[in-house]
Amino acid sequence: MASGNANGYLGVTPPISTAVSTEREKEVTVSLMEELRRQNTFESEEEAKTREIVLGRVAALVTKFVKKVSLERGLSEAAANAAGGKIFTFGSYRLGVHGPGTDIDTLCVVPKHVSREDFFDVFEPMLKEMEGVTEVSGVPEAYVPIIKSEICGVQLDFLMARLALSSVPDNLSLKDDNLLRNLDERCVRSLNASTQMIITEEFKRGAEIVDRVIVGRAEWSELFAKHDFFHKYRYYLQVIASTGNQELQLKWSGTVESRLRQLVMKLEYVDSLVLAHPFVKGFDQVSYCLNEDEVRSVAQGEISDAIASRKKEDIEGKEGVGPVYSTTFYIGLAIEPKQVKMWDKFDDATMGIVVRHIKRLVFSGLPDNVFDPGERPAKLAQKRSKGSSKSNNTPPDMPNKRQRSSQSTTDLSAKSENGLSATPTPSLPLVAENLGQKERSDIRTPDLKTPFLPFGENVAVATGPIGAQ
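Following full-length UniProt numbering, the numbering of the sequence shown begins with 1 at its first residue and continues without gaps.
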């Protein structure tokens with residue numbers, strides 16, 4: 001594949017153009033380089049050398065890992081040494097378009113006797129023992145099993161591919177398509193429809209900007225304009241993963257993030273949903289809580305101004321308090337307005353329709369007229385903070401006002417309608433809904449300890465504000 005074909009060009013497709021650059025194209029190339037420097041997209045020489053050193057150490061560790069597993073499988077010393085093991089970089093680093101601080105996508109290629117379980121049971125602990133390692137978090141249950149790490153300030157994402165070979169030599173090239181035969185299913189993954197649509201649209205947008213730059217109708221800075229994700233959609237899904245332990249949070253949030261792809265795939269089957277657009281990253285936050293009620297509120301994403309402004313020093317020396325680590329993910333929903341409004345006699349001026357989400361717990365959000373006399377469950381008494389004012393139509397377990405998901409993601413605090421700080425009434429994490437047909441009074445017991453939450457307990461999925469349609 002590396003040699004030229006009969007047509008005189010490399011690869012399987014011809015070049016876009018073989019014409020010499022025009023003077024205008026040379027000018028815009030110079031202006032592009034200037035803009036790239038303004039955007040600080042070039043890493044320093046020192047950082048580039050650090051990356052190379054780290055990759056060299058990782059390559060040696062992978063070889064050591066393969067040898068260790070080979071000996072455990074009963075291979076001889078000579079065969080274990082010959083088993084090899086190699087790393088390949090891909091993504092932005094491999095293409096040479098990475099910027100300062102970006103991670104390195106690294107593929108660990110191993111022979112057939114090394115399993116995926118070995119990757120997490122053997123390689124991950126070896127990685128933690130490396131000098132300069134500050135973070136290692138494996139997510140074996142992910143759609144694409146991955147180990148995230150940080151070594152000497154360089155972030156690396158490790159993936160593994162097991163080839164149907166007894167050894168992986170140093171001169172191995174992945175250009176041979178025959179190596180793709182008999183690969184583990186998890187070694188070959190593809191994009192879902194929504195993600196492919198988003199990427200395609202971004203390519204089109206970038207191409208349009210470049211065309212306008214060439215003719216002098218736009219500047220290169222438009223290509224680096226900040227995203228409009230949180231202004232683009234009317235509806236958002238908010239997924240909150242939380243624990244009471246920092247190390248556990250790395251694994252738990254990584255597991256939840258890996259499952260978002262499955263959620264997006266399921267959303268694609270929903271009628272009238274044109275697009276499910278997951279944001280590229282989660283937003284981490286540490287909240288210092290003084291009691292169980294605050295812990296529950298934080299787990300639901302209801303963070304008051306008091307909690308948001310509280311620092312670690314404010315809770316030191318106090319008993320029964322602790323931090324809650326949370327990671328919030330967002331999925332933008334593009335919904336196609338049709339069905340009812342497509343009726344030929346629909347009149348927006350005289351007709352209206354609103355679809356609202358109502359809490360299921362003890363039917364607290366349902367109106368009285370849906371129940372027969374004596375059928376409605378009794379409402380539980382709720383503690384209310386002083387100064388809190390609620391209308392008669394507001395359920396007692398709901399805060400005064402919920403933060404819109406489309407607003408700033410850094411300010412997740414809830415505010416009351418009059419602009420003052422509001423302490424949200426404690427809300428039970430959604431996991432309680434999966435505990436069978438128990439009443440809420442059976443679930444909210446004083447001995448339910450949540451500052452140190454069990455692995456995988458809290459995942460809250462909310463659709464944001466529903467009343468404002």
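For every residue, glycine included, the Cβ atom is placed at its ideal position computed from N, Cα and C.
Subject >> Whole-angstrom C-beta distance between A299 and V280, which should lie under 8 Å >> reply: At roughly 24 Å, the Cβ-Cβ gap does not stay under 8 Å, so V280 and A299 are not in contact.
Subject >> Three-state secondary structure (DSSP) of A207 >> reply: helix
**OP:** With a cut-off of 8 Å on the beta carbons, I'd call M197 and L275 a contact; round off their distance for me.
**Re:** 6 Å
**OP:** Kindly list the residues whose CB is nearer than 8 Å to the CB of T102, restricted to its own chain and excluding five residues on each side of it in sequence; keep chain order.
**Re:** S92, Y93 and Q155
Original post:
Quick one, which of C289, T327 and S326 has its alpha-carbon nearest E313's?
Top reply: Of C289, T327 and S326, the residue nearest in Cα terms is C289.
**OP:** Spell out a yes or no on whether the segment 244-251 and the segment 305-320 are touching, meaning 3 or more CB-CB pairs, one atom from each, closer than 8 Å.
**Re:** The segment 244-251, when compared against the segment 305-320, does not touch it at the 8 Å Cβ threshold.
Subject >> Local Cβ density within 10 Å of D121, reported as buried at 16 or more and exposed below that >> reply: exposed
Subject >> Selection from T327, S258 and N291 that minimises the alpha carbon distance to K318 >> reply: Ranking T327, S258 and N291 by Cα distance to K318 puts N291 first.
Subject >> Segments assigned alpha helix (DSSP H), at least 4 residues, entirely inside the segment 103-131 >> reply: Within the segment 103-131, the complete alpha helix (DSSP H) runs of at least 4 residues are 124-128.
Subject >> Segment limits, beta strand (DSSP E) that includes Q249 >> reply: Here Q249 belongs to no beta strand (DSSP E); instead the alpha helix (DSSP H) covers Q246 to L267.
**OP:** Have a look at D105, L127, E135 and G85 and flag the residue whose alpha-carbon is nearest the alpha-carbon of K112.
**Re:** G85
**OP:** Specify the secondary structure class of G322 as computed by DSSP and reduced to three states.
**Re:** strand
Original post:
Between which two residues does the alpha helix (DSSP H) carrying Y288 extend?
Top reply: Here Y288 belongs to no alpha helix (DSSP H); instead the beta strand (DSSP E) covers F283 to C289.
**OP:** Please state whether DSSP places K401 in a helix, a strand or coil.
**Re:** Caution applies to K401, whose pLDDT of 42 falls short of 50 and renders its modelled position unreliable; the value that the coordinates give is listed next. Looking at K401 - three-state DSSP - the assignment turns out to be coil, as it is neither helix nor strand.
Original post:
With 8 Å set as the bound, which would you pick, yes or no: does the beta-carbon of A241 sit closer than that to a beta-carbon of chain C?
Top reply: The question asks about chain C, but that chain is absent: this structure has only one protein chain.
Subject >> Beta-carbon spacing of V136, S149 below 8 Å >> reply: Yes; because the gap between Cβ atoms is below 8 Å, this pair is in contact.
Original post:
Quick one, are the C-beta atoms of M160 and F203 less than 8 Å apart?
Top reply: no
**OP:** Determine the contact status of A78 and S70, defining contact as a CB-CB distance below 8 Å.
**Re:** no
Subject >> Extent of the continuous alpha helix (DSSP H) run through M351 >> reply: Where M351 is concerned, there is no enclosing alpha helix (DSSP H), given that its DSSP letter is neither H nor E.
Subject >> R259 to V28 span [Cα, whole Å] >> reply: 42 Å
Subject >> Residue environment, L183, which counts as buried when at least 16 other CB atoms sit within 10 Å >> reply: exposed
Subject >> Three-way DSSP call (helix, strand, coil) for F42 in this model >> reply: coil
Subject >> Whole beta strand (DSSP E) elements within the segment 32-107, 3-residue minimum >> reply: 86-90
Original post:
Distance, Cα to Cα, M126 vs T200?
Top reply: 39 Å
**OP:** For A334, write down the residues that DSSP places opposite it in a beta bridge.
**Re:** L275
Original post:
Buried or exposed: S304, going by 16 or more other Cβ atoms within 10 Å of its Cβ?
Top reply: buried
**OP:** In the DSSP assignment, find the alpha helix (DSSP H) that holds A161 and state where it starts and stops.
**Re:** Here A161 belongs to no alpha helix (DSSP H); instead the beta strand (DSSP E) covers V154 to R162.
Original post:
Out of V264, T327, D293 and G132, which has the shortest C-alpha to C-alpha gap to V286?
Top reply: The option with the nearest alpha carbon to V286 is T327.
Original post:
In chain order, what residues of the same chain have a beta carbon less than 6 Å from the beta carbon of Q39, not counting five sequence neighbours either side?
Top reply: Excluding its 5 nearest sequence neighbours in each direction, Q39 has C-beta neighbours in its own chain below 6 Å: F224, listed in chain order.
Subject >> Proximal residues to E43 (C-beta, below 6 Å), its chain only, five neighbours per side dropped >> reply: P100
Original post:
What did DSSP end up calling F346 once you bin it into helix, strand or coil?
Top reply: DSSP places F346 in the coil class of the three-state scheme, outside both helix and strand.
Original post:
How about K67 and N81: are their beta carbons less than 8 Å apart?
Top reply: yes
Original post:
In its own chain, which residues sit with a C-beta less than 7 Å from the C-beta of L165, not counting the 5 before and 5 after it?
Top reply: P111 and K112
**OP:** Measure the beta-carbon distance from V114 to R162 and round it to whole angstroms, keeping in mind my assumption that it falls under 8 Å.
**Re:** Yes, V114 and R162 are in contact; Cβ-Cβ is about 6 Å, under 8 Å.
**OP:** Hey, could you find the ends of the alpha helix (DSSP H) A142 is sitting in?
**Re:** Premise fails: A142 is in no alpha helix (DSSP H) and is neither H nor E.
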